[in-house]
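In what follows, a structure is listed as structure tokens, so that the remarks can point back to it.
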Amino acid sequence: MNRRILAAMRYTRRNPALAVGIGLLLAILLFWGIGSIFVPFSRTSALSVPASRVPSWEFPLGTDRQGRDLLAVMIAGTSLTLRIGLIAGFIGIFIGTILGFVSAYYRGAVDTIIRGSVDVLLTVPSLLVMILVAVALKGGLTVEGMALVVSILAWVWPTRTIRAQVLTMRESGYIRVAQLSGMSSPEIIVKEMMPNLLPYLAASLVNAVAAAILASIGLEALGLGPMESPTLGMTIYWVLHYSALLHGMWWWWAPPIIIIVILFVGLFLLSTGLDELANPRVRRSV
Amino acid sequence: MNTQLLKLQELQVFYHTDEGAVKAVDGVTLSLAKGERLGLVGESGCGKSTIAMTIMGLIKSPGRIEGGKILLGEVDLTKLSEGEMRRLRLNQVGLIPQGAMNSLNPVSRVKDQIIDGMRAHNQQISKRELRSRVYEVLESVGLRRGVARMYAHELSGGMKQRVCVAIAISLHPQVVIADEPTSALDVVVQREVMETIGQLQQQLGASVILAGHDMGLMAQFVDRLAVMYAGKLVEIGPVKELFAKPLHPYTQLLLASLPGLAQRGVFRGIPGLTPSLVHVPPGCLFYPRCPQAMEICSQEVPALREGDGRQVACHLYDSEVMI
Amino acid sequence: MKSIIELRNVTKVFGGGRSSTVAVDDFSLAVDAESPPIKALVGESGSGKTTIALLMLGFILPTKGEMLYKGQNFQRLSRRERRMFHREVQAIFQDPFGVYNPFYKVDHVLDIVIAKLHLASSRAERQALKEEALRGVGIRPEETLGHYPHQLSGGQRQRVTVARALLMRPKFIIADEPVSMVDASLRATILESLTKLNRELQIPILYITHDLTTAYHVCDDITILYQGSIVESGGVEQVIKGPKHPYTQLLVGSIPWPDPSRRWGEGQVAVVDRESTGADNQCKFAPRCPFVMPICRERRPPFFQADNGHAVACYLCEDKPVVEGGKIGPC
Amino acid sequence: MKLDYIAKRFGIFLLVIWLALTVIFFLPRFSTQNPIREKMNQEMLRGGYVQVGMEQMIEEYESKFGLNKPLWEQYGTYLSDMGRLDFGYSIAHYPKTVKSMLSEGLPWSIGLLGMTTLIAFGVGSLLGALLAWRRAPQVLRYLFPPLLVLSAVPFYLLGLVLIFFLAFENSWFPLFGGYSPGTVTDWLSISFWGNVLHHSFLPALSMILAGIGLWALTMRGMMVTVQGEDYMTMAEAKGLKGSTLFFRYALRNSILPQVTSLVLALGHVVGGAVLVEVVFGYPGIGTTLYHAIREFDYFVIQGIILIVIVAIALGTFLLDVAYPLLDPRITYRRA
């Protein structure tokens, strides 16, 4: 058993980004897990606690002007924002993988259409498109609704990276040998391509989740998010709305920013770590 | 033998990897006379390219010069600072690179890549003189003047390699090192490029070190040939005698594995694998694959014996007194 | 006697419009299953030899002309026939590093074949089959099986692909530059295992290479390619010892003899003007040919029968009988 | 060769604009609300306060859109309006036209966005290049990790933090706004420029700090790959000086993919810039957009988003056309 721990230790020395990334994300999940046990969700709704209280024993993170216990809001907010990110991320990866494989594997008209639309959509500012959609839906958004809005363009970047990977793989010798061994296309995709693609898929998923979270916080900060639910983005919106900063209520805006930063740095390091796993610098430089 | 222009003495170059120090070049001694063409032949991983790059001072980490000297005249190149070495490159020692396909800067024109080499060593050349030097040097390698304005992607493989040759000889260096210059070219273009290098060598009187794995190319081009195996020198000698009567068993097998056009079906391979350069076994490295291996070969490293213009490192010649 | 694989007047053009390149131009070649020779297809880079390999393997389709498998057009094969095609037509590729999926051990390549062709029913039988195939190509199984590709040398990896072909008992093997990335000392052993396949298992082999010397030793007959078209074809002694086409003479002359006393390509300086390739109606080698005649620029030369089974596409042999229908190849 | 490359790129440029126009036109048609009716409800909620020009405004819109007209006819008038840059009227600030609101905010946004993107790209790329250059000062190594963490933070949140420390705690910089209130906007006087720069320093700083890290990371990766290329070995073998090797060979080749990713990053940067303007109360179109969203001023939202998409498409087109100047191979290989 310790041989495997030893191998893992040696690997983390060579790939620190992965370890630190996982560590940060674990810290956040722990914070949410333990927090949700001790702090009741009910204290996240407005007027549930006395308003604008400085952090104290009773309210470790203080309360905001609308009477919400900020510790409860942080705990609930983290899980809601993560949920938005994961839903949008998975949708993005799912569509991205299919489109990426289809356009790379079955060349021709399909490929030109997909590649063309990806190139165009990449330059379009995704946040503004989402603003348009959110405004058209005019409030009344649930957390899941927000995830769907954010996932509108979440598939563009994964399609592009996966298509590139599959293209290089398709020309490689071992795919030719597989075709010669009589393996059918689906078999080749699953048996020959997928194992090498998994690290890239994981890295693209992490990037998609990060992008989705960034977009959702942006939309919510603009006031286009689910008004009632205490997501991290909505907290930022209320901070801006009530200009908490100018009122010196540091305990209102500092915690969401800290959590968001930890979340993004964690996801970023995880993605670079997975990229390193996919083609280690050693193999890359050889 | 004061006419020796370049001398390598017990040169050692190791690559420090995770698994340990790879002894790419392990105590190589050889010398290059003025105007001589020396061949450095061996299979992949024998250290010939490492020697070429070490002479140019282009060994980067994890590679490092562990020991030995490289004497250009009286100057020991291994002791020079980066600045001093930089001033020698192209001026005294020119390199014709291996990767013909990718050795030119893809985003600048051919003439700029010739000019920046010259200007790095002599600031005062006027623009007009530089342009005439560019045309002169391009024509000397058989390329028309129009090539000066072209980019790398507009040239064929052979033309790209000729531009590299033009750059390497643009400042008339004393020594030209060609590291497998034609391995990426077709056989027809290879002959044309090698002929160009040969003519230029005669005109400039420069000495050439040709590193490569094609014994046929060596037979046609070099005066003296050094055979490398797993980072060590196994045999050196004038090319005619070496081909006629190879001394070292590895050289014999190497020559036998060449599919010449004299007689069909008479070429066979060398069984076994090249040894690991990290955990170097004791004794002669060719011992496991050598048909004439003896007991002593697995214990002692054979010394390089000298005799009538030829050198060989093999215990077969321990008894014979070769002075 | 139907030939197992035949390319009939195949032309392949890549890219469209202005930047299209003709990789293969009106090329015909037939491979017969009986008395299987080892045929060599020799040409410089860009002569279209790899495109021909891809055409024969069905990876790409001809722009003009047909690729026939046992007399039937490849594109009209049924699913079952196509699977039979993949079983009977195998290949050995140039790059020993790219042929293995880095994720799996080396055995994967052999296991897939055994599974797909149901060659073994039990694990023990499968292991035995693998070991026997590996010994057949001269490598010790314990040194290779169970290892990852990056743990083996180029030579070992290439021999495992030959072992893979040995397992499949194909009807035809295309070896596309199998030894160009392998050291000289290992070249012979790999080529030996190929010739063994041909002699003992009667499998016709198409050896594609740019290296005339290895082709001289290994093959029975040789076809010389220049920019997508055949310029000369015949028995190996005839073509190499008595080349009739100026390009073949240039090729043979450019080989550096491993013999210092014999000077390199005496005389014969070819006019090198690479950019301008021959227009459609003229001989492609005309711009570089030292013996170019006016007729060479007007009409593309047909194949002349220099002597028994030795065809040359050059007006220098104008006096010889013309071979009809472009169907050449030694009988 | 060059011409059809430009023509192709211009075609894509027009396609993007047409796509944006169409999406902006049809999207609200799917959602049931009518922006005008929505606005009237909002007025009722505000306690009966009825804006004077309300009836006139409704007729104005009725005639302008002619809701009874077939959809395609509306689409036709819509396109011709857009052609004349007539984005209609702002509901919240009637009779102000959307175009006038845009022209007020646009110069501010372009100034802030253009300046910060170029500085972040330039400084980031140079830093990344130096990080990968073994002869560069090693102290840069310690600068890189903090910048990387900063680049993981959204611009506007970094802005909040900067306001707190540099403006709120010790007031070196103004708390918000584009220029101190009360000054007359006189673009000619130096003092006014000084005032503007003083105000826009923090927003610019937040965007630059958050941008440098990523550019440095991608540039460093590219430099490492380029230094492994054969032409670098050949360049060193020519005995070129360190500076020539660095600028004319390594940087010159590594910058090519950076420019391509600059094109791709334009959209993302603009998205973030909107929120930076909101956090800093900077008088650009971002703040206008924020207020338009709060007041559900639909035509202003449409106008701003359209202008931004067109601006980015124009930027992409210009960068694409300029790219062959950097990389001669492009026109050769018909992009």
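Chains Z, W, E and C, in that order, are what the protein sequence lines are.
Positions in the first sequence are counted from 1; adding 6 to them yields our numbering.
Positions in the second sequence are counted from 1; adding 4 to them yields our numbering.
Positions in the third sequence are counted from 1; adding 1317 to them yields our numbering.
Positions in the fourth sequence are counted from 1; adding 1205 to them yields our numbering.
Quick reminder that beta carbons are idealized off the backbone N, C-alpha and C, glycines included.
How many angstroms separate the CA atom of residue 1373(C) from the CA atom of residue 90(W)?
-> 55 Å
Under a Cβ-count criterion, where at least 16 other Cβ atoms within 10 Å of its own Cβ denotes burial, should residue 196(W) be classed as buried or exposed?
-> buried
Kindly indicate which residue of 323(W), 132(W), 273(W), 317(W) has the alpha-carbon position closest to the one of residue 33(W).
-> 317(W)
Taking 8 Å as the CB-CB limit, is residue 189(W) close to chain D?
-> No chain D appears in the structure shown, which is made up of the protein chains Z, W, E and C.
Segment contact flag, the stretch 1304-1321 of chain C with the stretch 1406-1423 of chain C, C-beta cutoff 8 Å, min 3 pairs = Counting Cβ pairs under 8 Å, three or more are found: they touch.
Residues of the stretch 1345-1362 of chain C with Cβ closer than 9 Å to any Cβ of chain W, in chain order | Those would be none; no residue qualifies.
Taking one C-beta from the stretch 72-85 of chain W and one from the stretch 241-259 of chain W each time, how about it: are there three or more such pairs within less than 8 Å?
-> The way I'd put it, the stretch 72-85 of chain W doesn't touch the stretch 241-259 of chain W; fewer than three beta-carbon pairs between them come closer than 8 Å.
Go ahead and pull the three-state DSSP assignment for residue 1322(E).
-> strand
Enumerated in chain order, which unbroken segments of the alpha helix (DSSP H) with a length of 4 residues or greater are wholly contained in the stretch 76-145 of chain Z?
-> 76-111, 115-129, 132-143
Whose C-beta lies closer than 8 Å to the C-beta of residue 153(W) among residues of the same chain, with five residues either side of it excluded?
-> 113, 114, 115
Determine the DSSP secondary structure at residue 1291(C), reduced to helix, strand or coil.
-> Here residue 1291(C) sits in coil by DSSP.
Just how far apart, CA to CA, sit residue 1321(C) and residue 1479(C)?
-> 13 Å
Quick one: what's residue 239(W) bridged to in DSSP?
-> Looking at the DSSP assignment, residue 239(W) forms a beta bridge with 231(W), 316(W).
Give a single yes or no on whether residue 1388(C) has its beta carbon closer than 7 Å to a heavy atom of the ligand ZN.
-> What this structure holds is no ligand at all, so the ligand ZN is not there to describe.
Between residue 1417(E) and chain Z, is there a C-beta pair that is closer than 8 Å?
-> yes
Taking the alpha helix (DSSP H) that residue 153(Z) falls in, what are its first and last residues?
-> 149-156
Cα-Cα separation between residue 1535(C) and residue 1463(C), rounded to whole angstroms = 15 Å
Within chain E, partners of residue 207(Z) - CB distance below 9 Å = Near residue 207(Z) there are no residues of chain E at all, since even the closest Cβ is about 14 Å away, more than 9 Å.
Selection from 1400(C), 1490(C), 1442(C), 1327(C) that minimises the alpha carbon distance to residue 1387(C) | If we check each option's Cα against that of residue 1387(C), 1400(C) comes out closest.
Below-8 Å beta-carbon distance, residue 179(Z) vs any chain E residue = Yes - at least one Cβ of chain E is within 8 Å of the one on residue 179(Z).
C-beta contact flag for residue 126(Z) and residue 1510(C) at 8 Å | no
Would you tell me roughly how many angstroms separate the C-alpha atoms of residue 1521(E) and residue 1553(E), rounded to the nearest one?
-> 16 Å
With DSSP collapsed to three states, give me the class of residue 1515(E).
-> helix
DSSP-derived helix/strand/coil call for residue 1378(C) | When secondary structure is reduced to three states using DSSP, residue 1378(C) falls in the coil class, being assigned neither helix nor strand.
Mind checking if residue 224(Z) is an interface residue toward chain E, Cβ cutoff 8 Å exclusive?
-> Not closer than 8 Å to any Cβ of chain E, the Cβ of residue 224(Z) fails to qualify, so no.
Backbone CA spacing between residue 1417(C) and residue 1325(C) [nearest angstrom] | 5 Å
Contact check, residue 100(W) vs residue 50(W) under 8 Å by CB: the rounded distance?
-> Going by Cβ atoms, the distance from residue 100(W) to residue 50(W) rounds to 20 Å, so no, they are not a contact pair.
Residue-chain proximity (residue 283(Z), chain E), Cβ-Cβ < 8 Å | Residue 283(Z) does not count as touching chain E.
If residue 1560(E) and residue 1566(E) are in contact, beta carbons under 8 Å, what's the gap, nearest whole angstrom?
-> Sure, about 5 Å apart at Cβ, within 8 Å.
Option in 1354(C), 1405(C), 1341(C) with minimal Cα separation from residue 1371(C) = 1405(C)
Rounded to a whole number of angstroms, what is the C-alpha to C-alpha distance between residue 109(W) and residue 82(W)?
-> 28 Å
For residue 1614(E), the nearest candidate out of 1365(E), 1369(E), 1598(E), 1626(E) (CA to CA) = Of all alpha-carbon atoms in 1365(E), 1369(E), 1598(E), 1626(E), the one lying nearest the alpha-carbon of residue 1614(E) is that of 1598(E).
Smallest Cα separation from residue 121(W): which of 1496(C), 1210(C), 1419(C), 1442(C)?
-> 1442(C)
Straight-line CA distance for residue 92(Z) to residue 131(Z)?
-> 21 Å
At a cut of 8 Å, does the stretch 156-176 of chain Z reach the stretch 202-210 of chain Z through at least three beta carbon pairs?
-> The answer is yes - the stretch 202-210 of chain Z touches the stretch 156-176 of chain Z, with three or more Cβ pairs under 8 Å.
How far does the beta strand (DSSP E) with residue 289(W) in it reach, from first residue to last?
-> Neither: residue 289(W) is in no beta strand (DSSP E) and is coded neither H nor E.
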